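What follows is one structure encoded as structure tokens, with my remarks underneath.
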Amino acid sequence: MAAMASIYRRVLPSPPAIDFASYQGKQLFMEAVQGGTMEGFFKLISYFQTQSEPAYCGLATLAMVLNALSIDPGRKWKGPWRWFDESMLDCCESLEQVKAKGISFGKVVCLAHCAGAKVEAYRTNHSNIDEFRKHVIACASSDDCHVISSYNRATFKQTGSGHFSPIGGYHAGTDMALILDVARFKYPPHWVPLKLLWEAMDTVDDASGFLRGFMLISRPQRPPALLYTLSCKHESWTNIAHYLVADVPMLLSVKNVHNVKDVLSVVFNSRPSEFLEFIKWVAEVRRTEDGNQTLSPEEQERLSIKGDILKQVQDTHLYKHVTDFLISEKSGCQGPQCLGEQTSLTDIAASVCCQGAGFLKGSSESPNGFCCGETRVHCIKADGDMPVTVVSGTVTNGIGEQHVDMLVPSSPQSSSTSSSGLLTNCIGMHPTSNDVLTTLLLALPPQTWSGIKDASLLQEIDTLVCTDNLPTLLQEEIIHLRGQLYVLKRCKDDEVNIQRTKGRVYKISTSCRQVKVL
14 MAAMASIYRR
24 VLPSPPAIDF
34 ASYQGKQLFM
44 EAVQGGTMEG
54 FFKLISYFQT
64 QSEPAYCGLA
74 TLAMVLNALS
84 IDPGRKWKGP
94 WRWFDESMLD
104 CCESLEQVKA
114 KGISFGKVVC
124 LAHCAGAKVE
134 AYRTNHSNID
144 EFRKHVIACA
154 SSDDCHVISS
164 YNRATFKQTG
174 SGHFSPIGGY
184 HAGTDMALIL
194 DVARFKYPPH
204 WVPLKLLWEA
214 MDTVDDASGF
224 LRGFMLISRP
234 QRPPALLYTL
244 SCKHESWTNI
254 AHYLVADVPM
264 LLSVKNVHNV
274 KDVLSVVFNS
284 RPSEFLEFIK
294 WVAEVRRTED
304 GNQTLSPEEQ
314 ERLSIKGDIL
324 KQVQDTHLYK
334 HVTDFLISEK
344 SGCQGPQCLG
354 EQTSLTDIAA
364 SVCCQGAGFL
374 KGSSESPNGF
384 CCGETRVHCI
394 KADGDMPVTV
404 VSGTVTNGIG
414 EQHVDMLVPS
424 SPQSSSTSSS
434 GLLTNCIGMH
444 PTSNDVLTTL
454 LLALPPQTWS
464 GIKDASLLQE
474 IDTLVCTDNL
484 PTLLQEEIIH
494 LRGQLYVLKR
504 CKDDEVNIQR
514 TKGRVYKIST
524 SCRQVKVL
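Per the numbering used here, the sequence shown starts with residue 14, numbered consecutively.
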């Protein structure tokens, strides 16, 4: 096999583009600064990076924007540092898949959302050039919003096809936008006519059959969900999403339900496979460095908030109904797919430690493979707070070993015996299917229950699932999960549908992975 010829950059086709570092490019920059439409540039340029793989343009662009917005990933990158890197953005598509085939518009939207950003996404058939211009000007005039563009390079006479890059500024006099091209090994940052950029976005992505577009990324006004997350790790997630948003309302409208237990039976007993994998509680995984068994103030705060959210879920009337239903279900069911089957901390440790190893390496997979040599459940006494449940493990990959801690959120419980069977007075009640399923029910769209024929039962259900009077923390958690459900639905629409475009049929694969490492 012949070796591939090496290439040192490309000559930027000009026109239509203008090299940012050229005399004309510098003039445009200075005039745009004077015009106030380069405010977003300075934050972006401070975190400008080159994509580390030829197909990582979407990941590099998003990592750059997330860091520019000072969004805390809530987990370590390397050493003690929390920082977004391309290798950490694998929650909606595996890094191997992205490396081989790139990433779609919908998956980048999904990634941005589960990374904790506020996302407004527009394909060109859902917007127009005038609205796009307004968004570019608004974000270019501030440093708290950035535009990511998905476009076809061919429109600019550049080599290649689909590409992602952030827009770094706008020049009003010439109606030009500055593209901070993350493929810096290929092309430098450059100015392009905004009209031509719109035309480059208004093209069909052959891999998906959908039009390209742009997205507005900003910091959320409220914190992202901390304790629960939706997952598309298993292929059946598309069926589960459809079941929850379409089948459940239909089933409730045709079934004769007389009480809350009947309603829960309809929702849960017709569930698709892997239903319990769709919503997860989030465990924080960290390296154990130098035998350090203390918690940082940030870790203590996050665990405290998660414990508060868990207690708030358990205090809802809906939780009591779900618990009673699961107890009745458990009596006649055995196996991991039983809703009433509770997972012990020891079982959790066996699966999560190995996931944590890959997570800390920036990927859930390793060419050498990971396994846990040993695990144990113990407690760390935080200053002034209740003890924290910790699952510790030694992870090996055949070359070396790494000690890993999993910090388990918990709420206080009166018994000295934990649900894992350990006799201890310091381990509280960790999340179980009772609260996980309660939270999922609260996150379903309010119209889910409208088909219930019995008016008094409908009123009772509406009261149970109403979020208006929930504590603020739990309200924010539910709102975020509803947002995730919407994003996963968009992800489904983007990656599962068969779309006929320009006389051709495009079939899109369903290779969406988990939304957060659990």
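Ideal placement from N, C-alpha and C gives every residue a C-beta, glycine not left out.
Since we're looking at a predicted model, the values are computed, not measured.
- Taking 8 Å as the upper bound for CB-CB distance, P179 and I150 are not in contact here, some 15 Å apart.
- Here T50 has I150, A153, S154, G182, Y183, H184 and A185 as same chain residues with Cβ atoms under 8 Å from its own Cβ, once five neighbours each way along the sequence are excluded.
- Cβ-Cβ distances below 6 Å link R136 to L224 and G226 in the same chain, with the five nearest sequence neighbours on each side left out; the list follows chain order.
- Approximately 5 Å separates the beta-carbon atoms of C127 and C104; this is inside 8 Å, confirming the contact.
- Assignment of D467 by DSSP, reduced to helix, strand and coil, places it in the coil class.
- Look at the segment 95 to 172 and you find these whole runs of beta strand (DSSP E), each 3 residues long or longer: 131 to 136 and 158 to 165.
- Taking a 10 Å sphere around the C-beta of W94, we find fewer than 16 other C-beta atoms and assign the residue as exposed.
- Contact check for D475 against V270 fails: the beta carbons are separated by 8 Å or more.
- Residues of the same chain with a CB within less than 8 Å of the CB of I393, apart from the 5 flanking positions on each side, are Q306, T307, L308, P400, V401 and V403 in chain order.
- For V326, the secondary structure class from DSSP, reduced to helix, strand or coil, is helix.
- A direct Cα-Cα distance of roughly 7 Å separates E66 from K112.
- I253 sits away from P206, with the two beta carbons spaced by 8 Å or more.
- In the assembly as shown, Q47 is an exposed residue. Its beta-carbon has fewer than 16 other beta-carbons within 10 Å.
- Counting the other Cβ atoms within 10 Å of the Cβ of Y21 gives fewer than 16, which makes it exposed.
- If you ignore the 5 residues before and after E311, its C-beta comes within less than 8 Å of no other C-beta in its own chain.
- For F55, the closest alpha carbon among the candidates E290, T336, L193 and A130 is that of L193.
- About 13 Å separates the beta carbon of L450 from that of V276, a gap too long to meet the 8 Å contact definition.
- The Cβ atoms of L265 and V279 sit closer than 8 Å to each other.
- In the DSSP secondary-structure assignment, T242 is bridged to K293.
- Taking the C-beta atoms as reference points, G53 is found no nearer than 8 Å to F177.
- Following the DSSP letters along the chain, one finds I58 inside the alpha helix (DSSP H) bounded by residues E52 to S59.
- An exposed status is given to H139, since fewer than 16 other beta-carbon atoms sit within 10 Å of its beta-carbon.
- D218 places its beta carbon less than 8 Å from that of S117.
- Distances from the CA of S19 to each of K199, T388, K131 and L57 were compared; the closest alpha carbon is that of K199.
- Taking the Cα of F288 as reference, the smallest distance to any Cα among H255, R315, K274 and V298 is reached at H255.
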